[in-house]
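Worksheet: one structure, shown below.
Here's what the structure looks like:
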């Protein structure tokens, strides 16, 4: 019975994944995470691990949560009307790492499992997740490495997945009000139920376990790059796009807020310092312009 | 016929109000605003006046706009189902001033006029607006001056207005996800149609013209207060609440974004520099704690 769902092994995997990533980041950064466990009044709880003012990471947050509820918020039922009036359970690991050096990209990963149940009816469940990269001064070889690595993770499951999830990612992380991508994409998927529970769970594990292997080599390569105030300013300015996306569009953030989730854990994705500047435009021929012309418009990297 | 609506005199007043406030701010700050006029593809346009890196104001934006459309976005029809399937016209002046010194409060004002029309049917119209204050290190006398002045503006019209608008303001500027006020309130109203057009317009004019008289004395009094990095940091941290409110809840911002408004003009309300910090708590007995205990919880100030 490979399709029998086992939420406990998903929970165990996710909690362990969080610990492993925390360990790996601490080794690289040299500073320790704050580990903050919490309970949610309406059901469930989680652990938020956060590193602020590290040596490499200005803010790095990894949250594990497993929460339950009796009624889904609007953000969820708008997209999934079939789960209205069902009890639900959502578990996942989410992370956003904001490095200090503008030559090191910001990374985001999320892996999640969702179950909606009703007495006497079969559970509705799916997996979702993704990994995407937000560079400020991108290097083409890093972007290719990032996309190629994600393709290498997915291809053993199904060669159709990478192109599909890559396109999803480009569509999802588009700031609609600016018609501008948040970063250089990656993979994103939701409602994943292909084949059976075991297959889906294996896929989630492959993605979760790939994060440090894909991202940390980029960090190591770029972390000692010298940067100027101008470059730091551009990073702070670009971070405003991250805020705009997360608060205006991100379904996870809005789901968390609307379902009365733990605010500090949801908003650990916010950058530590951000600037807004009126109608800022990159100078023609500048490195900043290259981000807009050569990297943000979605394209095939592998 | 005092109830005959005259949108042109509203437009003229609003455009003139913007200029007057820009002039007053320039005198106080010593730096000039950038005056940026724009047209909107779907109809209408406006002028965004912005001062960045001034002597007193780190970012001060005043926008005048008069825009038209053929279909209202969801944010508007959720609140006003009666205007569905009507052409609309919205005009207003909005401003947010973010001072550099954490002892000078941030101020926000909006005055607006809205008309929805349909062939063969009477126009639906209303005025809306408000003024509210967001201090970081509040002085009780400033807060009382602020509320008393607003009461003085409204009382000649109707003594019931100040208490009603003050309560609206407390309700509106509550960050729901944190159950925390954005600032110390002020007045806020929407759907204002009392008596007739002329009466409503007079009220709008009284509010619009009061802004500099109420706010600039506070600026003059506090602008030279010495401050430390700790106080500046607290201001940057508190500004994150401004961002959260505007992007998650503010109807004007969401209306603008959803109606494909001009992004840079809508987001001129964003603070110039902002910090997020995980689960920050004020020290017991500190000045920062007083903001939370003595000023943010709504109370009667006059």
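Protein chains in written order, with the numbering used here: chain A, 1 to 302; chain B, 303 to 604.
Every residue, glycine too, gets a C-beta built ideally from N, C-alpha and C.
Task: Closest by C-alpha distance to residue 180 of chain A, when choosing among A:294, A:23, A:12 - done: Here residue 180 of chain A refers to the residue found at position 180 when the first chain is read from its first residue. When each option's Cα is compared against that of residue 180 of chain A, the closest is A:294.
Open item on the list: If I follow the unbroken beta strand (DSSP E) through residue 108 of chain A, where does it start and stop?
Closed with: As a position in the first chain, residue 108 of chain A is number 108, starting the count at 1. For residue 108 of chain A, the enclosing beta strand (DSSP E) has its first and last residue at 106-118.
Open item on the list: What does the alpha-carbon distance come out to for the pair residue 226 of chain A and residue 397 of chain B?
Closed with: For the purposes of this step, residue 226 of chain A is taken as the residue at position 226 of the first chain. For the purposes of this step, residue 397 of chain B is taken as the residue at position 95 of the second chain. Distance between the alpha carbons of residue 226 of chain A and residue 397 of chain B: 39 Å.
Open item on the list: Please confirm whether residue 305 of chain A has its beta-carbon closer than 7 Å to some beta-carbon of chain B.
Closed with: Residue 305 of chain A is absent from the model: chain A starts at 1 and stops at 302.
Open item on the list: Using a Cβ-Cβ distance cut-off of 7 Å, determine whether residue 343 of chain B contacts chain A.
Closed with: Indexing the second chain from 1 puts residue 343 of chain B at position 41. Chain A contact via Cβ: absent.
- [ ] Look up residue 40 of chain A in the DSSP assignment and say whether it is helix, strand or coil.
- [x] Position 40 of the first chain, counted from the first residue, corresponds to residue 40 of chain A. In the displayed model, residue 40 of chain A falls within coil according to three-state DSSP, outside both helix and strand.
Open item on the list: So that I know if they touch, is there some Cβ in chain B lying closer than 7 Å to that of residue 35 of chain A?
Closed with: The count along the first chain starts at 1 and reaches residue 35 of chain A at position 35. Chain B contact via Cβ: absent.
Task: Any chain B beta carbon closer than 7 Å to residue 177 of chain A - done: Position 177 of the first chain, counted from the first residue, corresponds to residue 177 of chain A. Closer than 7 Å: yes.
Task: Span separating the alpha-carbon of residue 274 of chain A from that of residue 120 of chain A - done: Within the first chain, the letter at position 274 stands for residue 274 of chain A. Within the first chain, the letter at position 120 stands for residue 120 of chain A. Taking the straight line joining both Cα atoms gives about 50 Å.
TODO: Would you check if there are 3 or more beta carbon pairs closer than 8 Å linking the region 35-49 of chain A to the region 240-247 of chain A?
DONE: Contact fails between the region 35-49 of chain A and the region 240-247 of chain A, because fewer than three Cβ pairs, one in each stretch, are under 8 Å apart.
Open item on the list: For a contact defined as C-beta to C-beta under 7 Å, what are the partners of residue 604 of chain B on chain A?
Closed with: Here residue 604 of chain B corresponds to residue number 302 of the second chain, with the count starting at 1. Contact note: residue 604 of chain B does not reach chain A at a C-beta cutoff of 7 Å; the least C-beta distance is about 32 Å.
TODO: Name, in chain order, the residues that DSSP records as bridge partners for residue 494 of chain B.
DONE: Here the question's residue 494 of chain B lines up with position 192 in the second chain. Its beta-bridge partners are B:429.
- [ ] Taking a Cβ distance cut-off of 9 Å, strictly less, list which residues of the region 369-386 of chain B are near chain A, in chain order.
- [x] Among the residues of the region 369-386 of chain B, none has a Cβ less than 9 Å away from any Cβ of chain A.
- [ ] With DSSP collapsed to three states, give me the class of residue 208 of chain A.
- [x] For this step, residue 208 of chain A is matched to residue 208 along the first chain. Helix at residue 208 of chain A.
- [ ] Indicate whether the contact test is met: 3 or more Cβ pairs, each with one atom in the region 258-276 of chain A and one in the region 70-80 of chain A, closer than 8 Å.
- [x] Under the 8 Å Cβ criterion, the region 258-276 of chain A counts as touching the region 70-80 of chain A, having at least three qualifying pairs.
- [ ] Taking all protein chains shown into account, decide if residue 337 of chain B is buried (16 or more other Cβ within 10 angstroms of its Cβ) or exposed.
- [x] Here residue 337 of chain B refers to the residue found at position 35 of the second chain. With fewer than 16 Cβ atoms within 10 Å of its Cβ, residue 337 of chain B is classed as exposed.
TODO: Could you tell me whether any non-hydrogen atom of the ligand COA is closer than 6 Å to the CB of residue 374 of chain B?
DONE: The ligand COA is not part of this structure, which contains no ligands at all.
TODO: Please report the residue range of the beta strand (DSSP E) in which residue 361 of chain B lies.
DONE: Here residue 361 of chain B refers to the residue found at position 59 when the second chain is read from its first residue. First-last of the beta strand (DSSP E) with residue 361 of chain B: 359-371.
- [ ] Figure out for me which residue from A:298, A:175, A:135, A:157 has the closest Cα to the Cα of residue 234 of chain A.
- [x] Within the first chain, numbered from 1, the residue matching residue 234 of chain A stands at position 234. Comparing Cα-Cα distances from residue 234 of chain A to each of A:298, A:175, A:135, A:157, the minimum goes to A:135.
TODO: Just the C-alpha distance for residue 321 of chain B and residue 543 of chain B, rounded to the nearest angstrom, thanks.
DONE: Against the second chain, residue 321 of chain B aligns to sequence position 19. Against the second chain, residue 543 of chain B aligns to sequence position 241. Separation of residue 321 of chain B and residue 543 of chain B (C-alpha to C-alpha, rounded to the nearest whole angstrom) is 29 Å.
- [ ] Report the rounded CA-to-CA distance for residue 17 of chain A versus residue 122 of chain A, giving the unit in angstroms.
- [x] For the purposes of this step, residue 17 of chain A is taken as the residue at position 17 of the first chain. For the purposes of this step, residue 122 of chain A is taken as the residue at position 122 of the first chain. Each residue's alpha carbon lies about 29 Å from the other.
Open item on the list: Run through chain A and tell me which residues come within less than 9 Å of residue 352 of chain B, C-beta to C-beta.
Closed with: Indexing the second chain from 1 puts residue 352 of chain B at position 50. Correct list: 278, 279.
Task: Span separating the alpha-carbon of residue 360 of chain B from that of residue 403 of chain B - done: Against the second chain, residue 360 of chain B aligns to sequence position 58. Against the second chain, residue 403 of chain B aligns to sequence position 101. As the crow flies, the alpha-carbon of residue 360 of chain B is around 9 Å from that of residue 403 of chain B.
Open item on the list: Let's test the definition: count the other Cβ atoms within 10 Å of the Cβ of residue 334 of chain B and tell me whether it reaches 16, buried, or not, exposed.
Closed with: The residue labelled residue 334 of chain B in the question sits at position 32 within the second chain. That one is exposed.
Task: 7 Å Cβ cutoff met for residue 184 of chain A and residue 219 of chain A - done: Translated into positions along the first chain, residue 184 of chain A becomes position 184. Translated into positions along the first chain, residue 219 of chain A becomes position 219. Contact annotation: residue 184 of chain A and residue 219 of chain A have beta-carbon atoms that are not nearer than 7 Å.
Open item on the list: Under DSSP, the beta strand (DSSP E) around residue 399 of chain B begins and ends at which residues?
Closed with: Start at 1 with the first residue of the second chain, and residue 399 of chain B comes out as number 97. In the DSSP assignment, residue 399 of chain B falls within the beta strand (DSSP E) that extends over 389-401.
- [ ] Output yes or no for whether 7 Å exceeds the beta carbon distance between residue 578 of chain B and residue 109 of chain A.
- [x] Residue mapping note: residue 578 of chain B aligns to position 276 of the second chain, counting from 1. Residue mapping note: residue 109 of chain A aligns to position 109 of the first chain, counting from 1. Their beta carbons are not under 7 Å apart, which means residue 578 of chain B does not touch residue 109 of chain A by this criterion.
Open item on the list: In the DSSP output, which residue or residues are listed as bridge partners for residue 132 of chain A?
Closed with: In the first chain, counting from the first residue as 1, residue 132 of chain A sits at position 132. The partner list for residue 132 of chain A (beta bridge, DSSP) reads A:108, A:186.
TODO: Quick one: grab the DSSP three-state call for residue 49 of chain A.
DONE: On the first chain, position 49 is the one that residue 49 of chain A refers to. Correct three-state label for residue 49 of chain A: strand.
Task: C-beta atoms of residue 186 of chain A and residue 169 of chain A nearer than 7 Å - done: Position 186 of the first chain holds residue 186 of chain A. Position 169 of the first chain holds residue 169 of chain A. The criterion of a C-beta distance shorter than 7 Å is satisfied by residue 186 of chain A and residue 169 of chain A.
TODO: Determine, using beta carbons only, whether residue 257 of chain A comes closer than 7 Å to chain B.
DONE: Your numbering for residue 257 of chain A matches position 257 in the first chain. When Cβ-Cβ separations below 7 Å define contact, residue 257 of chain A makes contact with chain B.
- [ ] Check whether the Cβ atoms of residue 66 of chain A and residue 11 of chain A lie closer than 7 Å to each other.
- [x] For the purposes of this step, residue 66 of chain A is taken as the residue at position 66 of the first chain. For the purposes of this step, residue 11 of chain A is taken as the residue at position 11 of the first chain. Yes; because the gap between Cβ atoms is below 7 Å, this pair is in contact.
TODO: Spell out the partners DSSP gives residue 322 of chain B in its beta bridges.
DONE: Numbered from 1 along the second chain, position 20 holds the residue referred to as residue 322 of chain B. For residue 322 of chain B, which the question treats as bridged, DSSP gives no partner whatsoever.
Open item on the list: Measuring only the C-alpha atoms, how far is residue 454 of chain B from residue 585 of chain B?
Closed with: Position 152 of the second chain, counted from the first residue, corresponds to residue 454 of chain B. Position 283 of the second chain, counted from the first residue, corresponds to residue 585 of chain B. If I take the Cα positions, the gap works out to 37 Å.
Task: Start and end residues, alpha helix (DSSP H) containing residue 445 of chain B - done: Walking along the second chain from the start, residue 445 of chain B turns up at place 143. From DSSP, the alpha helix (DSSP H) with residue 445 of chain B extends over 442-456.
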